[in-house]
Amino acid sequence: MTKKRPSKKRKVMLLLLLLLLLIVVVVLVTGIFRFMRREKSKPVIKPIKPDTTQTAQQLDTTMEKPVDTLPETDTVPETKESAPRPEQTPPPVIEAPDTAVTADTTDTTEVTAARPDSCLQDTIAPWVYPDPSGGLHRQKIEVALHATKPCLIEWKFEEEEEWKEYTGDAIPIDSTTTLHYRGVDSCGNQMLPTKKRYEIILSTPSQYCPEDMEYIEVGTVQFCIDRYEWPNKRGVKPRSYISVYHAMDSCFSIGKRLCSMDEWLIACSGPYSWKYPYSQKYAPNACVTRDTTARKSGSKRECRGYFDVYDMSGNLAEWTSTRSTKDRHFYNVMGGFWKSGIESACHSKRYSYFPQNQHNPVGFRCCADAAADTGKK
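Residue numbers 1361 to 1737, in our numbering, belong to the letters of the sequence shown in order.
Here is the structure:
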């Protein structure tokens, strides 16, 4: 019995079927390979969180340097200069009261309301400040508390346990005390409790200085100094673009003189040798130190020293009559200007400004000898 051979027609159909099957397999394998390759090549995208850790000092270092003067750093090889000791009798060392921003262990105000969607973009704490600020006051005063944004303000005196809500009424201070205050906005952003020391010493300094000047007395050092930068008027923008010689002539024309560096330092740092006129620690909102230009004198009410002198940190750097020990052709310029940031301390000084030139960020204030203290004490 012989086997039947497949016909020629059947053989062709089988070959076509096998070829079609092979094409399907190739297409499937190719598709799978391309899909796997595409998935592998996709980049991994991670969410970017905003950097909220940048400090005030880092912000300040990104600002541009003035273009109308020499660089703010000294132009001679040695760029740092230790402050020379005053020629006058140095003031006694007195323990300084703490007026810096400090954390309080007491419970802060709880915000029970749910945070609205607008709070997701609001992460800035309010800045609360007193007017007048702490330091020496020669009469009884009334203090108002202000904030940079709507918030709940609370306060108390040092000896008190309970915080009180500030309702806008002036806080009377008639004797030496320490005022504590804090603030929290509707989004829960809090200003840490802060304290200011008020020293009330009743006296009449006008017998020693003109009405527009403050009487400075630290140890055996006594003199008068303008409360504000020239032209020494609150609410008026101070004068810049002035040479040191023009500054000297301006003071001389009204019976005063350009302050020496020692006088300037004592008026700024006070009897407790504060690093800044308001305390030992830099406060970004206290003075005009992170701005684009100088502002009107006295516009920052917390930029007050221990004495009733304003804007000795920032706003305008100030000429002094003291020549630099690094280069006798230059005069020391003190205090930093409107964007000096943390480098606007009482001891911050420069001597890279040519004395005969006019400079955008540099102004001045005047000093005078105190009148004879006949009948004093």
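Backbone N, C-alpha and C fix where the C-beta goes; we use that ideal spot for every residue, glycine too. Predicted model, so just to flag it, every value in this text is computed and none were measured.
Residue i burial status per 10 Å Cβ neighbour count (16 or more: buried)
i            : result
residue 1660 : buried
residue 1668 : buried
residue 1571 : exposed
residue 1373 : exposed
residue 1367 : exposed
residue 1616 : buried
residue 1495 : buried
residue 1395 : exposed
residue 1444 : Note on residue 1444: pLDDT 43, under 50, position unreliable in the model; the coordinate value appears next. Counting Cβ neighbours within 10 Å, residue 1444 comes out exposed, since fewer than 16 surround it.
residue 1755 : Given a span of 1361 to 1737 for the chain in the structure shown, any question on residue 1755 remains unanswerable.
residue 1690 : buried
residue 1370 : exposed
residue 1732 : exposed
Integer Cβ distance of residue i from residue j, believed to fall under 8 Å
i            : j            : result
residue 1723 : residue 1602 : 7 Å
residue 1634 : residue 1547 : In fact, because the Cβ distance is near 33 Å, the residues do not count as touching under 8 Å.
residue 1562 : residue 1498 : 6 Å
residue 1715 : residue 1604 : 4 Å
residue 1536 : residue 1559 : 5 Å
residue 1650 : residue 1701 : 6 Å
Beta-carbon proximity list for residue i, same chain, < 8 Å, skipping 5 on both sides
i            : result
residue 1721 : 1426, 1429, 1600, 1654, 1676, 1677, 1697, 1698
residue 1648 : 1654, 1655, 1659, 1660, 1663, 1671, 1674, 1675, 1698
residue 1802 : Residue coverage of the chain in this structure runs from 1361 to 1737, which leaves residue 1802 outside it and unanswerable.
residue 1652 : 1698, 1699
residue 1385 : none
Other residues of its chain near residue i: CB distance less than 6 Å, five sequence neighbours each side excluded
i            : result
residue 1543 : 1486, 1488, 1507, 1511, 1513, 1551
residue 1502 : 1530, 1532
residue 1504 : 1491, 1530
residue 1500 : 1534
Beta carbon of residue i nearer than 8 Å to that of residue j
i            : j            : result
residue 1539 : residue 1524 : no
residue 1673 : residue 1636 : yes
residue 1681 : residue 1608 : yes
residue 1710 : residue 1589 : no
residue 1541 : residue 1490 : yes
residue 1549 : residue 1484 : yes
residue 1618 : residue 1628 : no
residue 1534 : residue 1509 : no
Cutoff 7 Å; reference residue i; Cβ partners in own chain excluding five residues on either side
i            : result
residue 1575 : 1565, 1568, 1569, 1584, 1730
residue 1623 : 1583, 1585, 1727
residue 1692 : 1621, 1680, 1682, 1684, 1709, 1711
residue 1703 : 1696
residue 1336 : There is no way to answer for residue 1336, as the model of the chain reaches only from 1361 to 1737.
residue 1381 : none
residue 1591 : 1599
residue 1410 : In this prediction, residue 1410 has a pLDDT of 41, which is less than 50 and means its spatial position is unreliable; what the coordinates show is noted afterwards. Same-chain partners within the cutoff: there are none.
residue 1375 : none
residue 1526 : 1505, 1513, 1514, 1515
Practice task
Counting only runs of 3+ residues fully inside the stretch 1520-1570, write out the beta strand (DSSP E) ranges in chain order.
Solution key: 1531-1533, 1537-1544, 1550-1560
Handout entry: Minimum length 4: unbroken alpha helix (DSSP H) runs contained in the stretch 1621-1654
Key = 1621-1629
Practice task
For the stretch 1570-1597, list the beta strand (DSSP E) runs that are entirely contained and at least 3 residues long, ordered along the chain.
Solution key: You should have 1573-1578, 1581-1586.
Exercise for the section: For the stretch 1668-1722, list the beta strand (DSSP E) runs that are entirely contained and at least 3 residues long, ordered along the chain. Expected result: Secondary structure within the stretch 1668-1722: the beta strand (DSSP E) runs of 3 or more consecutive residues, fully enclosed, are 1677-1683, 1691-1694 (chain order).
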